[in-house]
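Take a look at the structure set out below.
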Amino acid sequence: MTEPIKISTPLTDASVRSLKAGDNVLITGTIYAGRDIVHQRLVELLQQGKPLPFDICGQIIYYVGPAPARPGQVIGPAGPTTSYRMDGYTPQLVERGLKGMIGKGNRSQAVVDAIVKNQAVYFAAIGGAAALIARTIQKAEVIAWPELGPEALQRLEVVDMPVIVINDSNGNDLYAEGQKHYAR
Amino acid sequence: MRELPVQELTEVVKRLCIETNCQPSVDLVRMTEESIQKEKSPAGLSALKQIRENQKIAATEGVAMCQDTGLAVVFVEIGQDVHLAGGDLETAIHEGVRQGYQEGYLRKSVVRDPLRRENTGDNTPAIIHTKIVPGEQVRLTVAPKGGGSENMSTVKMFPPSAGREGIISFVVDWVRQAGANPCPPTIVGVGIGGSFERVAYLAKVSLLREIGVANPDQFYAEMEREILGKINDLGIGPQGFGGSVTSFAVHIEVAPCHIASLPVAVNLNCHVSRHQTVII
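Sequences listed follow chains A and B, in order. To convert, note that position 52 of the first sequence is 371 in this note's numbering; the numbers rise steadily by one, no gaps. To convert, note that position 69 of the second sequence is 98 in this note's numbering; the numbers rise steadily by one, no gaps.
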């Protein structure tokens with residue numbers, strides 16, 4: 320297992336280009352938490368020509384709906400949710416400057432194409448490792464749509480959050496490569 | 030006739046909701062550790078180690094293993110000589126779920142209406158399966174089910190001619206298509222027979238079995254082994270990162286069916302397998 324690569328947000332074209340499918344990465348900095356309804360609303364705002372609740376350029380969205388925090392905790396367990404449900408919205412966000420996504424599971428061809436065209440990256444976090452991932456989140460703040468409860472848009476501060484590159488900016492796909500390599 | 034206050038059921042449901050979400054079961058820990066010994070893929074092994082570490086953190090800190098603490102699926106077998114007193118059964122169970130998800134800091138993941146999608150705020154209603162059985166005991170099982178693996182589930186009505194081989198290729202192909210989505214290593218619940226609605230229930234019930242315990246019928250035990258072998262040859266691996274541990278186990282449950290039918294259901298469970306049973 321190779322040493323993990325440390326990156327910080329916001330991401331640049333250069334930092335995105337340096338990442339290859341299969342790389343272990345530790346992310347530090349600000350990321351945004353949003354899933355199904357948040358994506359629908361972000362894209363609606365774009366279509367209406369209205370500003371988004373945060374500047375999306377160079378940012379990473381983490382597909383997560385955390386569990387409630389216990390007293391004294393920053394956030395409850397916070398592992399990734401399945402990404403394909405965001406596929407219909409992702410290309411439009413990537414076109415507007417979104418550089419990274421963290422989730423789990425396969426993306427559509429349209430998302431993969433948008434990643435290559437716009438020099439973005441799709442990471443997976445370990446699905447179900449929610450208590451472990453929550454330890455890397457140092458700060459969490461709801462910045463829009465609190466009525467959505469666990470699905471609200473949040474700004475997170477993470478330190479060394481462990482992820483792995485699935486789809487890189489050159490069109491490589493760890494899911495396809497991994498399966499091919501280990502199929503018997 | 031035995032009288033049982035429904036408040037006891039509420040208490041048990043509440044406790045099970047919290048415990049099963051936060052404490053990995055003995056069989057789950059064993060499967061995870063055995064898989065760590067088996068997995069050759071570095072990325073797959075790293076995923077398994079993080080999964081095991083997460084189980085330890087959850088158990089120590091008393092927090093949920095997964096943020097998706099599931100839709101609470103509750104199985105109740107009520108002895109016909111039990112008289113439930115002080116309220117009605119379903120309200121008592123929903124109340125246990127409400128209290129458990131509140132006090133256990135578990136995520137509220139239920140929307141009131143499938144299309145209008147407003148969160149109910151307390152993870153109710155639960156899905157309740159009730160069965161009347163002989164005797165004067167109540168057997169309660171709480172099995173929270175996450176959305177990611179539940180979405181990767183299916184029912185197909187085969188003609189009887191599809192037979193054993195048709196079912197095997199259907200299940201293996203389904204797991205291949207699901208890929209990384211259901212959070213592998215998965216447990217593959219397979220229902221065969223019954224009717225359209227019964228077969229899905231069978232697949233779900235198969236997930237309540239201790240992980241990896243074979244069907245008592247040798248014919249189906251052999252089929253479970255064959256399907257598991259084929260699935261683990263797909264190369265998907267832990268979390269889909271590539272490897273040989275795509276599923277921990279295949280569990281088949283069967284029931285008699287119509288002469289014209291061969292219903293098959295696949296209900297995938299993620300590696301955060303959660304279910305706990307108490308006999309009252």
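For every residue, glycine included, the Cβ atom is placed at its ideal position computed from N, Cα and C.
Chain-ordered neighbours of residue i on chain B, where CB pairs are closer than 9 Å
i: R389/A; result: E90, G91, V92, Y134
i: P469/A; result: Q96, R136, K137, S138, N148
i: V383/A; result: Q96
i: G395/A; result: V92, A93, Q96, Y134, L135, R136
i: G407/A; result: Neighbours of G407/A on chain B: none; closest Cβ ~15 Å, over 9 Å.
As assigned by DSSP and simplified to three states, the class of residue i
i: V393/A; result: coil
i: P211/B; result: coil
i: Y130/B; result: helix
i: K137/B; result: coil
i: L263/B; result: coil
i: C376/A; result: coil
i: K43/B; result: helix
i: H112/B; result: strand
Chain B contact residues for residue i, given Cβ-Cβ distances below 8 Å
i: A502/A; result: D262, L263, G264
i: I445/A; result: A76, Q79, I80, N83, Q268
i: K458/A; result: Neighbours of K458/A on chain B: none; closest Cβ ~17 Å, over 8 Å.
i: E496/A; result: G271
i: G419/A; result: Ordered by position in chain B, no residue passes the 8 Å Cβ test against G419/A, which lies about 18 Å from the chain.
Residue i classed as buried or exposed, judged by whether at least 16 other C-beta atoms fall within 10 angstroms
i: C376/A; result: exposed
i: R31/B; result: exposed
i: P410/A; result: buried
i: H358/A; result: buried
i: A278/B; result: buried
i: P285/B; result: exposed
i: F248/B; result: exposed
i: I308/B; result: exposed
i: P399/A; result: buried
i: E253/B; result: buried
i: T275/B; result: buried
i: V55/B; result: exposed
i: K43/B; result: buried
i: Q457/A; result: exposed
i: H300/B; result: buried
i: A333/A; result: exposed
i: E282/B; result: buried
i: E470/A; result: buried
i: P173/B; result: buried
i: N489/A; result: exposed
i: R81/B; result: buried
Pairwise C-alpha distance: residue j and residue i
i: A121/B; j: G176/B; result: 24 Å
i: I157/B; j: H123/B; result: 9 Å
i: S75/B; j: G497/A; result: 14 Å
i: L5/B; j: K67/B; result: For residue 5/B there is no data in the structure shown, the boundaries of chain B being 30 and 309.
i: T455/A; j: V477/A; result: 5 Å
i: G266/B; j: N298/B; result: 15 Å
i: N50/B; j: V126/B; result: 12 Å
i: G108/B; j: P163/B; result: 5 Å
i: E322/A; j: N343/A; result: 7 Å
i: A443/A; j: A155/B; result: 31 Å
i: D355/A; j: R404/A; result: 7 Å
i: V335/A; j: K418/A; result: 8 Å
i: I196/B; j: L472/A; result: 43 Å
i: L365/A; j: R168/B; result: 53 Å
i: G407/A; j: S178/B; result: 20 Å
i: G269/B; j: D117/B; result: 45 Å
i: I445/A; j: I288/B; result: 45 Å
i: V214/B; j: R146/B; result: Looking at the sequence provided, one finds Pro at residue 214/B rather than Val. Spanning the two alpha carbons is a distance of roughly 30 Å.
i: A88/B; j: E48/B; result: 9 Å
i: V204/B; j: I346/A; result: 31 Å
i: Q131/B; j: I462/A; result: 24 Å
Contact list for residue i against chain A, beta-carbon separation under 8 Å
i: C299/B; result: G446, G447
i: C286/B; result: Near C286/B there are no residues of chain A at all, since even the closest Cβ is about 32 Å away, more than 8 Å.
i: N383/B; result: In the structure as shown, chain B begins at 30 and stops at 309. Residue 383/B is therefore absent and cannot be evaluated.
i: N180/B; result: T401
i: G177/B; result: T400, T401, K423, G424, G446
Within chain A, the residues that residue i reaches when beta carbons sit closer than 9 Å
i: S273/B; result: Y501, R503
Where residue i meets chain B, residues with beta-carbon distance less than 7 Å
i: A386/A; result: A93, Q96, T98, Y134, L135, R136
i: L493/A; result: F270
i: I483/A; result: A72, F270
i: G341/A; result: A72
Under 7 Å by beta carbon: chain A residues contacting residue i
i: A87/B; result: A450
Closer than 9 Å to chain E by CB, residue i
i: I356/A; result: The question asks about chain E, but that chain is absent: this structure's protein chains are A and B.
Q | the segment 217-230 of chain B contacting the segment 278-292 of chain B, beta-carbon criterion three pairs below 8 Å | A | They touch, by the three-pair rule.
**Q.** Any 3 or more C-beta pairs closer than 8 Å across the segment 55-73 of chain B and the segment 244-260 of chain B
**A.** Not touching, per the Cβ criterion.
Q: Could you tell me whether the segment 72-90 of chain B touches the segment 34-42 of chain B, using the rule of 3 or more Cβ pairs below 8 Å?
A: Touching, no.
**Q.** Contact the segment 432-452 of chain A vs the segment 93-110 of chain B: 3+ CB pairs below 8 Å
**A.** Per the Cβ contact rule, the segment 432-452 of chain A is in contact with the segment 93-110 of chain B (3 or more Cβ pairs under 8 Å).
**Q.** the segment 381-391 of chain A contacting the segment 414-428 of chain A, beta-carbon criterion three pairs below 8 Å
**A.** The segment 381-391 of chain A is in contact with the segment 414-428 of chain A.
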